[in-house]
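Quick notes on the structure that follows.
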Amino acid sequence: MRTKYKYARIVFAGIMIACIAHVARAQQVDSIVNQAWNIHGQFTFITQYHPAFHAAYSGKNSLSDSSDHESSLTFTLFIGRRLWRNAAVYFSPEVSGGLGFNDARGIAGFTNGDIYRVDNPTPQGYVARLYLIQYIPLGGSSDVQPDEPLQLGGYVPTRCLEVIAGKLSMTDLFDDNPVSHDPRTQFLNWSIMDDGAWDFPADTRGYDAIVSLGYVTPHWTIRMAEALEPTYANGSTLNWNLHRSHSETIECTYTGTWRQHPLFAGIHVYNNFTPAPEYAAVVRAKKLGTDTTMDVIDPSPVSHSKYGVGASMSYTANARVQTFLRAGWNDGHTATWAFTEIDRSISAGGMYQIPLPSRQKYWQRSDRFLQIGCAFVVNGLSAPHREFLEAGGYGFVIGDGKLRYATENIAELYALFPLHQLITLTGDFQWIVHPAYNRDRGPVAVGSIRLHVAF
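When you line the sequence shown up against mature numbering (1 follows the signal peptide of the UniProt record, and there is no 0), it's residues -26 to -1, 1 to 429, in that order.
Okay, structure coming up:
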């Protein structure tokens, strides 16, 4: 009971802080050009429940077949400060707490995208982002970008080089699908909000030390990044020995129109060089009896490459309907090192907005909508990864002790209702067939309620 009351107090405090900050911001001039600084924030509380389900057997990473209920919360500030012309620094302190089901294990496409693989439910504070961004104009005109989180309002060159260096998330820069990327306002599932097969480099909370260079034009952007990898699978510390571990990602995106409606398309390729063990070598060692631990969490003596590709697109069919498609693949020879245990993934879905009556007392704009989203994803494994799990291996996300393989299929439906200009309430339902790729377990139904405050 104390834990529930603690979460209730934190939820209330988060809403109050957001409302106070909104009142202060409302006193500023809306049409700010070349802001010297800005501050935004968000608070998200998610509670999830799944009933009991069929399971022929369970392992140490299996989702519990008994009913379960877990909650999570995050509170983040986004502070921006202009340094000199076309340059700014962004600082983002964050507090997060709570757990996912079974410490975020047992489903490759996990159900709560606002919490990663942290096994401590106590709310903790940390620096999520601290980075510098510099635009180098390449001629042409400038455009005014709005005041938003991690974005100072003001003029930016429409054609430029973009340099970013510091601590942030790779998903801040890459695979940014407009319809499915933000688990605080869109889809919750890991493998729907992102390319599930992209084992993107990050610490256990999803952040990393990154240097990025981008070539930006009004419609096309080409961006490449060098990033660190964790010292061990799902590790909280990063490996600064670049001879042993590093990651490279390149992405090309297009933002424009098709038949006079907004279109987004992007493709990214990557190479992760890490000391992640090879699945085939681990299985072979067990069969020979030379090493029966089947350890793929600790680093191996030799580093290996994992490469992959992902593609994404979205299309706004009209003022109310948006659709998306995303696919990803990696070679699947080495153990998953940072995100989740998916080697092939394809997802599709859409979002529909239903106009609601305006409430001018609480709304400064007339755009008030009930937002409904629906998506489906199919996740799969490489042959070596599958054989590893069939032999009784455990990764850091899945492992039932044995495996009768099938693709992991997930459907998600959500309805987001605006309570206030600052506050939204979402009901979410996920249906998971073959959790952790196992025919002998599931299906699993997961219901969620999400409260989100943004200012």
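Note that CB positions come from ideal geometry on N, CA and C, so glycine has one too.
Query	Result
Pairwise C-alpha distance: V137 and D39	48 Å
Residues near T310 by beta carbon distance below 6 Å, same chain, minus five either side	D173 and G369
Beta-carbon contacts of M167 that lie in its chain and below 8 Å, excluding the five residues immediately before and after	G87, S154, H155, D156, P157, Q160 and F161
Run of the alpha helix (DSSP H) containing F362, from where it starts to where it stops	A357 to E364
For L202, the three-state DSSP class (helix, strand or coil)	coil
Sub-7 Å separation of L47 and F19 beta-carbons	yes
Contact with chain C by A171, beta-carbon distance below 7 Å	In the structure shown, chain C cannot be found, because there is only a single protein chain.
L425 classed as buried or exposed, judged by whether at least 16 other C-beta atoms fall within 10 angstroms	buried
Reduced DSSP category for L262 - H, G, I as helix; E, B as strand; rest coil	helix
Of the residues G188, V427 and G373, the one placed nearest H394, counting alpha carbons only	V427
Range covered by the alpha helix (DSSP H) that runs through M167	W164 to M167
Boundaries (first-last residue) of the alpha helix (DSSP H) holding T308	Where T308 is concerned, there is no enclosing alpha helix (DSSP H), given that its DSSP letter is neither H nor E.
E225 vs F148 beta-carbon contact at 7 Å	yes
Where H359 falls, given that 16 or more other Cβ within 10 Å makes a residue buried	buried
Beta-carbon proximity of E222 to E203, cut-off 7 Å	no
Coil, strand or helix - Y189 by DSSP	strand
Identified DSSP bridge partners for F403	L387 and G421
Beta bridge counterpart(s) of W232 as assigned by DSSP	H235
Integer Cβ distance of D305 from S356, believed to fall under 8 Å	7 Å
Closest by C-alpha distance to G284, when choosing among I271, G127, W303 and Q125	W303
Residues that S321 bridges to, as DSSP identifies them	R300 and V351
T132 versus Q9, Y189 and M144, residue with shortest Cα-Cα distance	Y189
With 16 other Cβ atoms within 10 Å as the buried cut-off, status of W232	exposed
Coarse secondary structure for A139, derived from DSSP in three states	strand
Spatial neighbours of P409 in its chain, beta-carbon cut-off 7 Å, leaving aside the 5 residues before and after	L37, G80, I81, E382, R415, G416 and V418
Distance, G72 Cα to T145 Cα	22 Å
Closest by C-alpha distance to I13, when choosing among D269, I53, H242 and L262	I53
For T145, the first and last residue of its enclosing beta strand (DSSP E)	Run containing T145: none in the beta strand (DSSP E); it sits in the alpha helix (DSSP H), M144 to L147.
Contact test: T195 Cβ vs the ligand ATP heavy atom, cutoff 6 Å	The model on display carries no ligand, and the ligand ATP is accordingly not part of it.
Member of G15, S41, Q16 and N35 whose CA lies at the smallest distance from the CA of F27	S41
CA-to-CA distance, H307 to W164, given in whole angstroms	22 Å
Start-to-end residues for the beta strand (DSSP E) that takes in T48	D42 to W58
Alpha-carbon to alpha-carbon, Y206 and A171	19 Å
Sequence-distant residues of its chain with Cβ nearer than 8 Å to Y181 (five each side left out)	A102, R103, K141, L142 and S143
Separation of S288 from T398, as counted between CA atoms	23 Å
Selected residue, minimal CA-CA separation from N35, among V371, I406 and L396	V371
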